Amino acid sequence: MLGEQVLLLPVGLAGATGQGQEWDLAGRDASVITVSNGGPWGDWAWPEVCPEDSYASGIGFKVEPPQGVIEDGHST
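As structure tokens, then:
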């Protein structure tokens, strides 16, 4: 897929749902973080990383429906 990028994050075990909610997970706090650039379609901006000694437990994607065949003028 030319011109497309996907950021994959490792998935661990955590127990948090909803923005800003926290659970005590085996003596450690788990919270949900969001990124400020998660709005409308656009170019990639800067990477967002988890704070030290924490990890991502999930990821969300915005998916666009198929747009049909792209005619680029080149024969294949």
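Under mature numbering (1 follows the signal peptide of the UniProt record, and there is no 0), residues -18 to -1, 1 to 58 are what the sequence shown spells out, in order.
In this text, a Cβ means the ideal position worked out from N, Cα and C, and glycines have one as well.
A quick note: this is a predicted structure, and the numbers were derived from the prediction, not measured.
- Spanning the alpha carbons of K44 and I52 requires a straight line of approximately 21 Å.
- CA-to-CA, the gap between S39 and P33 works out to about 13 Å.
- Rounded to the nearest angstrom, the gap between the Cα atoms of Q49 and Y37 is 35 Å.
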